[in-house]
Every structure is written in structure tokens, then in C-alpha cells.
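Undergrad: These protein sequences, in sequence, are chains F and D. Residue numbers for the first sequence follow the numbering used here, so the first one is 2 and each next one is one higher. Residue numbers for the second sequence follow the numbering used here, so the first one is 2 and each next one is one higher. Just so it is clear, CB atoms sit at the ideal spot from N, CA and C, and this is done for glycine as well. Just so it is clear, the structure is predicted and the values come from calculations on it, not from any experiment.
There are 2 protein chains.
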Amino acid sequence: MAVKYSRQRQVIYNFLMSRKDHPTADVVYQNVRQEYPNISLGTVYRNLTLLTNRGEIQRLQVGDGVDRFDADTSRHCHFICSGCGCVTDLPLDCMEDMLADARKKFDGRIDRQSTYFYGLCRDCLNHSADISERDA
Amino acid sequence: MAVKYSRQRQVIYNFLMSRKDHPTADVVYQNVRQEYPNISLGTVYRNLTLLTNRGEIQRLQVGDGVDRFDADTSRHCHFICSGCGCVTDLPLDCMEDMLADARKKFDGRIDRQSTYFYGLCRDCLNHSADISERDA
DNA sequence: TCTAAAACTAGGAATCATTACTGATTTACA
DNA sequence: TGTAAATCAGTAATGATTCCTAGTTTTAGA
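1. Between which two residues does the alpha helix (DSSP H) containing F/I13 stretch?
2. The beta strand (DSSP E) with F/L121 in it runs from where to where?
3. Would you mind reading off the limits of the beta strand (DSSP E) that contains D/D71?
4. Which stretch, first to last residue, makes up the beta strand (DSSP E) that contains F/R59?
5. Do F/C78 and F/C122 have their C-beta atoms closer together than 7 Å?
6. Note down the Cα distance separating D/T25 from D/T53, rounded to an integer number of angstroms.
7. Based on Cα-Cα distance, which residue from F/L126, F/V45, F/G66 lies nearest to F/I13?
8. Hey, quick one: how far does the beta strand (DSSP E) through D/L91 stretch, first residue to last?
9. Under the criterion of a Cβ to heavy atom distance below 6 Å, does D/S129 qualify as lining the ligand FAD?
10. Along chain F, in chain order, which residues have C-beta atoms closer than 7 Å to that of D/D27?
11. Taking 7 Å as the cut-off, decide whether the C-beta atoms of D/T89 and D/F80 are in contact.
12. Would you mind telling me which residues of chain F sit closer than 8 Å to D/T53, beta carbon to beta carbon, in chain order?
13. Cβ of D/C205 less than 7 Å from any chain F Cβ?
14. For D/G84, which residues from the same chain have a beta carbon less than 6 Å from its beta carbon, with the 5 sequence-adjacent residues on both sides left out?
15. Answer with buried or exposed for F/A103, where buried requires no fewer than 16 other C-beta atoms within 10 angstroms of its C-beta.
16. Are F/F70 and F/R55 closer than 7 Å when you measure CB to CB?
17. Buried or exposed for F/Y30, going by 16 or more other Cβ atoms inside 10 Å?
18. Who are the neighbours of D/L17 on chain F, taking C-beta pairs under 8 Å?
19. Relative to chain F, which residues along the region 107 to 126 of chain D have a C-beta separation below 8 Å, given in chain order?
20. Return the residue from the list F/M18, F/N48, F/D108 that minimises the CA-CA distance to F/S7.
21. Could you compute how far the alpha carbon of D/R10 sits from the alpha carbon of D/Q35?
22. Quick one, are the C-beta atoms of F/I58 and F/L17 less than 7 Å apart?
23. By the criterion of Cβ-Cβ separation under 8 Å, what are the contact partners of D/L91 in chain F?
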């Protein structure tokens with residue numbers, strides 16, 4: 002299937018490029034709707050999937066049951082805060098080494114790697130410290 | 002909430018310990034049902050979640066929309082075949098280094114890491130080679 | 001510019017993994 | 001054994017995502 006230009010896809014892609022917080026499909030929908038009130042959620046999902054398959058964006062599955070999307074396709078890890086659910090980029094030097102090591106040890110072809118770290122972000126850590134102090 | 006012994010949970014855990022292929026909740030259900038015909042899928046889910054929260058097993062979210070479960074809680078990566086969907090363990094030496102590097106670079110607390118590799122397993126590679134030869 | 005085919009869309013229905021609810025049962029412990 | 005809390009079976013509800021269909025937009029070529 003040849004890919005034809007569509008206004009909706011362009012707007013979806015532009016919105017994703019403008020964000021660094023890895024929005025969900027619904028967040029993309031709610032925002033794009035400001036400009037295109039008639040756009041449908043199905044269209045947002047279809048285009049996010051299409052862009053992912055074409056390698057222009059990447060889909061993140063951080064484990065909370067909702068997929069997220071990232072316009073940055075460079076190889077990097079993600080951190081997911083168990084407190085507030087925020088997702089932030091985490092570029093690590095050792096990713097290349099890890100991939101090389103995996104390829105050496107695994108009998109098969111490895112195309113892609115995805116790494117997620119989980120914990121508490123700085124804001125949530127500070128907040129829980131506040132609570133501890135208050136309770137003390 | 003104190004955790005009480007339950008026959009069902011024991012059977013679910015035993016089954017998971019006997020498998021190396023990271024079964025889904027439904028696969029656990031179908032198998033445990035052989036021995037306990039009355040067990041319900043809800044009970045399987047509840048206990049798998051409870052065991053995960055207690056750190057006795059781990060939940061895998063490999064990206065196909067269905068969660069998988071692993072009785073091996075040691076730190077290791079997983080490979081997911083894009084061809085047949087099989088999930089296999091992939092222990093790598095560099096995981097500790099990577100975690101240490103992430104902790105050094107990230108301002109916050111990192112508790113846990115999960116790494117997935119995607120590609121084609123040996124069987125699927127051989128199979129696609131067969132198809133290429135046949136078509137040639 | 002006109003036209004036809006292919007790709008795309010909006011809107012809504014369908015899917016399906018997972019969770020929540022409810023009344024009955026089991027477990028722990030005095 | 002008696003009792004309260006935890007758990008269960010069965011089923012309904014949830015919610016993210018995909019599928020479906022009729023109509024619209026885009027593109028390429030005459």
C-alpha cells in the first residue's frame with residue numbers, strides 16, 4: 002500500500018515532534034482536536050501505528066496498560082516513575098555494548114532493544130520525604 | 002492485608018515454576034484447570050498479580066498486548082521473536098553495569114530495570130531461509 | 001483541469017485482556 | 001470449635017485498541 006499524504010497524519014506527527022513527554026494516543030487526540038475538531042480517535046491510532054511501522058516514531062509500552070509515543074527514534078532508554086507515571090528519556094552509553102553482547106550470546110537475529118527503568122523521580126522522592134517529615 | 006495460604010495460589014505457583022516459556026495468564030488458567038476444573042480466570046489473575054507484588058514471580062510485558070509471567074526472579078533479559086512470538090531468557094553480564102550507569106546519570110531512585118530484545122529466533126530464521134530457497 | 005483509482009477519514013461497533021463486584025467458602029488462630 | 005479476615009467462583013464491567021463501512025481526499029496521468 003502506497004502512503005499518501007494526509008493532513009491529519011501531518012498534524013499528528015507535528016504535535017508529537019513538539020512534545021518531549023511521550024504522550025498517549027488519547028493525549029495526542031485531545032490536543033490535535035483543538036485544531037481539528039472532527040478528527041477521530043481511530044484516525045489517531047491508525048496514523049500512530051502507521052508512523053511506527055515506517056520507523057518515523059516509536060511506540061513505548063511502559064507497562065501501565067496504555068501505549069505511549071515518542072518522536073525521537075534515536076536509541077535511548079526510558080525511565081518510568083512509579084509515583085506520578087511520568088516518562089523521561091535516559092540516554093546511556095552502554096546500550097551499544099549491551100546489544101553487541103546480546104547478539105554474541107543469542108542464536109538468532111536481534112533487530113531491536115527496549116529498556117525501561119522504574120523507580121521514583123526527583124519530585125516524587127522530595128514529596129515522599131516531605132510526608133515522612135510531617136508524620137515524624 | 003495478611004496473606005493466607007490458598008490451594009489455588011499454590012497450584013498456580015507450582016505450575017509457573019515448572020515452565021520455562023513464560024506463559025500468559027490464560028495458559029496458566031487452561032493448564033491449572035486440568036487439575037482444578039472449578040478455578041476461575043479471575044483467581045488466576047488475582048494470584049499472579051499478588052505473587053508479582055510480593056516479588057515471588059515477575060510480570061513481563063513484551064508488547065503483544067498480553068502479559069506473561071516468569072517464576073525466575075533473577076535479573077535477566079528476554080528475547081521476543083517477531084515471527085513466532087516465543088519468549089526466551091537472555092542472561093547478560095552487563096546488566097549490573099547498565100543499572101549502575103543509569104543510577105549515576107538519573108536524578109531520582111531507580112529500583113528496577115526491564116530489557117527486551119526483538120528479532121527472529123533460530124527456527125524462524127531457518128524457516129524464512131527455506132522459503133527464500135524455495136522461491137528462488 | 002478532469003477523472004478514476006487508491007488511500008484515507010469519521011464515527012461507531014466490536015474485541016479482548018484485565019479488573020471489579022458479590023455472595024459463598026476457606027484459612028488462621030484463640 | 002468459633003469467628004473474623006482472606007480468598008474463591010462466577011459474572012459483569014472497564015477501557016485501550018482495532019475493525020468496519022460509507023463517504024472524502026489525494027495523487028497520477030490524460
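TA: Straight from the coordinates:
1. Element bounds for F/I13: 8 to 18.
2. Following the DSSP letters along the chain, one finds F/L121 inside the beta strand (DSSP E) bounded by residues 109 to 122.
3. That run of the beta strand (DSSP E) goes 69 to 71.
4. In the sequence as presented, Arg is not what sits at residue 59 of chain F; that position holds Gln. Where F/Q59 is concerned, the enclosing beta strand (DSSP E) stretches over 59 to 61.
5. The answer is no: Cβ separation not under 7 Å.
6. Roughly 13 Å separates the two Cα atoms.
7. Checked all of F/L126, F/V45, F/G66; the closest Cα to F/I13 is F/V45.
8. Per DSSP, D/L91 belongs to the beta strand (DSSP E) from 88 to 91.
9. No copy of the ligand FAD appears in this structure; indeed no ligand is present at all.
10. Per Cβ cutoff of 7 Å: no residues; D/D27 is ~17 Å from chain F at best.
11. Taking 7 Å as the Cβ cut-off, D/T89 and D/F80 qualify as a contacting pair.
12. Scanning chain F for C-beta atoms nearer than 8 Å to the C-beta of D/T53 yields nothing, as the closest lies near 11 Å away.
13. This structure cannot speak to residue 205 of chain D, because chain D is shown only from 2 to 137.
14. Answer for D/G84: L121, C125, listed in chain order.
15. Classified as buried, F/A103 has 16 or more neighbouring CB atoms from the shown chains inside 10 Å of its CB.
16. The answer is no: Cβ separation not under 7 Å.
17. Around the C-beta of F/Y30, 16 or more other C-beta atoms lie within 10 Å, and the residue is accordingly described as buried.
18. For D/L17, no chain F residue has a Cβ inside 8 Å of its Cβ, as the nearest lies near 19 Å away.
19. Per Cβ criterion, the list reads F107, D108, G109, R110, I111, D112, R113, Q114, S115, T116, Y117, F118, Y119, G120, L121, C122, R123, C125, L126.
20. For the residues F/M18, F/N48, F/D108, the minimum Cα distance to F/S7 belongs to F/N48.
21. Taking the straight line from one Cα to the other gives about 15 Å.
22. Less than 7 Å separates the beta-carbon of F/I58 from that of F/L17.
23. Result: A103, K106, F107.
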